[in-house]
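J.:
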Amino acid sequence: GYSAQESAKSKEIELINDELVDIRSLVDKKLTLKSKLTEYEREATRIEGERSQLVSSIAQAKGAIAEVELQILQLDKEFSSETGSELRDVDAKIAEFEERKVTSEDQLSRIDIRAPSSGTVYQSSIHTVGGVISAGEPIMLIVPDTDTLTVEVKAAPQDIDQILVGQRALLRFTAFNVRTTPETEGVVSMIAADVTRDQHTNEVYYVVRITPDPKDLTELGPASLIPGMPVEAFIRTGDRKMLSYLMKPLTDQMMRAFRDQ
Numbered sequence: 567g568y569s570a571q572e573s574a575k576s577k578e579i580e581l582i583n584d585e586l587v588d589i590r591s592l593v594d595k596k597l598t599l600k601s602k603l604t605e606y607e608r609e610a611t612r613i614e615g616e617r618s619q620l621v622s623s624i625a626q627a628k629g630a631i632a633e634v635e636l637q638i639l640q641l642d643k644e645f646s647s648e649t650g651s652e653l654r655d656v657d658a659k660i661a662e663f664e665e666r667k668v669t670s671e672d673q674l675s676r677i678d679i680r681a682p683s684s685g686t687v688y689q690s691s692i693h694t695v696g697g698v699i700s701a702g703e704p705i706m707l708i709v710p711d712t713d714t715l716t717v718e719v720k721a722a723p724q725d726i727d728q729i730l731v732g733q734r735a736l737l738r739f740t741a742f743n744v745r746t747t748p749e750t751e752g753v754v755s756m757i758a759a760d761v762t763r764d765q766h767t768n769e770v771y772y773v774v775r776i777t778p779d780p781k782d783l784t785e786l787g788p789a790s791l792i793p794g795m796p797v798e799a800f801i802r803t804g805d806r807k808m809l810s811y812l813m814k815p816l817t818d819q820m821m822r823a824f825r826d827q
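Basically our numbering = 1-based index in the sequence shown + 566.
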């Protein structure tokens, strides 16, 4: 390039200057013609001019390079500025879409009604496609698969003082064949603190819950227990023989209760 040519010209100038020293010495001693000295001086001037032109070209090239580098820096700055602006726009759109996504997922979750646990559905109040469900309206009852089976008994107020938590009870599922279905042992697990009044019959009773023995339940075989199934409960009450209550769904009337005095 220009730098290599300038170095070569500088070398030529050094060589011709050495020759000029020798020729001037010869001219002073009148051993050669002065015209030869003039010829060498002219050649030295020409080479020096070419070198100066190369130096100028090198300076121009460096200036052009500096200008290009400045343009590159400017382009990088503009690109970074545009990229940063576009990135901010993209981030803003991402935030907007994420907010929309959360809103849409919330709306979608309100469309799907999910039970807190899996189980068997009974007493469904919605039977038509497109039916309207009011806020807070029960739409069905679910018996959880993992829930412990509990028998709910209606006990007459005059008998409640004879019933204690932990008392043994004998359960008879009257919906099954009495001759082929074994009786089930159970334990009183809860006694209501206050009476309940049936809104349909105006009957007053205490709710008593009995937990059946899991081993006895397995002996029921293929018989399937479902919510609302009637059960006769015979609760052992110490010195008395037995106290019998008939438990049906809460909308049913207590069919019979007897006690030994």
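Backbone N, C-alpha and C define an ideal beta-carbon position, used for all residues, glycine too.
Using only CA atoms, which one of 707, 800, 769 lies nearest to residue 684?
T.: In the sequence shown, counting from the first residue as 1, residue 684 sits at position 118. Checking every option, the nearest Cα to that of residue 684 belongs to 707.
J.: Find the nearest neighbour of residue 628 within the set 599, 567, 617, judged by alpha-carbon distance.
T.: Walking along the sequence shown from the start, residue 628 turns up at place 62. Closest by alpha carbon: 567.
J.: To which residues of the same chain is residue 589 closer than 7 Å at the C-beta, ignoring the five residues directly before and after it?
T.: In the sequence shown, counting from the first residue as 1, residue 589 sits at position 23. So the list reads 598, 602, 603, 606, once near-sequence residues are dropped.
J.: Specify, as a first and last residue, the run of the alpha helix (DSSP H) that residue 670 falls within.
T.: In the sequence shown, residue 670 corresponds to position 104, counting from 1. Element bounds for residue 670: 600–677.
J.: Evaluate contact between the stretch 792–800 and the stretch 725–743, counting only Cβ atoms and requiring at least three cross-stretch pairs below 8 Å.
T.: The answer is yes - the stretch 725–743 touches the stretch 792–800, with three or more Cβ pairs under 8 Å.
J.: Only counting the same chain, and skipping five residues up and downstream in sequence, which positions put a Cβ closer than 6 Å to that of residue 726?
T.: For this step, residue 726 is matched to residue 160 along the sequence shown. Within the same chain, residue 726 has close Cβ partners 772.
J.: What's the gap between the Cα of residue 710 and the Cα of residue 660?
T.: By one-based count along the sequence shown, residue 710 stands at place 144. By one-based count along the sequence shown, residue 660 stands at place 94. The straight-line gap from Cα to Cα measures roughly 41 Å.
J.: Residues in its own chain within less than 8 Å of residue 783 by CB, not counting five upstream and five downstream?
T.: Start at 1 with the first residue of the sequence shown, and residue 783 comes out as number 217. Hits under 8 Å: 715, 750, 791.
J.: On the DSSP letters alone, give me the boundaries of the beta strand (DSSP E) that residue 842 sits inside.
T.: No answer is possible for residue 842: it lies beyond the span of the chain, which begins at 567 and ends at 827.
J.: Which residue or residues does DSSP assign as beta-bridge partners of residue 720?
T.: The residue given as residue 720 occupies position 154 in the sequence shown. Answer is 773.
J.: Is it buried or exposed, residue 781, if we count other Cβ atoms within 10 angstroms and call 16 or more buried?
T.: Residue mapping note: residue 781 aligns to position 215 of the sequence shown, counting from 1. Residue 781 is exposed by the Cβ-count criterion.
J.: Residue 785: which of 694, 764, 748, 769 sits nearest, CA to CA?
T.: Here residue 785 corresponds to residue number 219 of the sequence shown, with the count starting at 1. Of 694, 764, 748, 769, the residue nearest in Cα terms is 748.
J.: Evaluate residue 754 with the Cβ neighbour count: other Cβ atoms within 10 Å of its Cβ, from every protein chain shown; 16 or more gives buried, anything less gives exposed.
T.: Position 188 of the sequence shown, counted from the first residue, corresponds to residue 754. Buried, since its Cβ has 16 or more Cβ neighbours within 10 Å.
J.: Below 7 Å CB to CB, which residues in the same chain sit around residue 624 once its five sequence neighbours on both sides are set aside?
T.: Along the sequence shown, one-based indexing puts residue 624 at 58. Excluding residues within five positions, the ones whose Cβ falls inside 7 Å are 568, 569, 572.
J.: Sorted by chain position, which residues of the same chain lie with C-beta nearer than 7 Å to residue 617's C-beta, five sequence neighbours on each side aside?
T.: Sequence index remark: in the sequence shown, residue 617 carries index 51 (1-based). Once the five neighbours on either side are set aside, the close Cβ partners of residue 617 are 572, 575, 576, 579.
J.: Between which two residues does the beta strand (DSSP E) harbouring residue 686 extend?
T.: Along the sequence shown, read from residue 1 onward, the residue named residue 686 stands at position 120. Unbroken beta strand (DSSP E) run through residue 686: 685–688.
J.: Tell me, to the nearest whole angstrom, how far the beta carbon of residue 728 is from that of residue 803; I am working on the premise that it is less than 8 Å.
T.: The count along the sequence shown starts at 1 and reaches residue 728 at position 162. The count along the sequence shown starts at 1 and reaches residue 803 at position 237. With 8 Å as the limit, residue 728 and residue 803 qualify as a contact, their Cβ atoms being about 4 Å apart.
J.: Leaving out five residues on either side along the sequence, give the residues of the same chain with a beta carbon under 7 Å from the beta carbon of residue 698.
T.: Locating residue 698 in the sequence shown gives position 132, counting from the first residue. Once the five neighbours on either side are set aside, residue 698 has no close Cβ partner at all.
J.: Where do the N-terminal and C-terminal ends of the beta strand (DSSP E) with residue 793 fall, by residue?
T.: Within the sequence shown, the letter at position 227 stands for residue 793. Neither: residue 793 is in no beta strand (DSSP E) and is coded neither H nor E.
J.: So what's residue 806 in DSSP terms, helix, strand or just coil?
T.: Here residue 806 is taken as the residue at index 240 of the sequence shown, counted from 1. Unreliable positioning characterises residue 806 in this predicted model, as indicated by a pLDDT of 44, which lies under 50. A coordinate reading is not provided.
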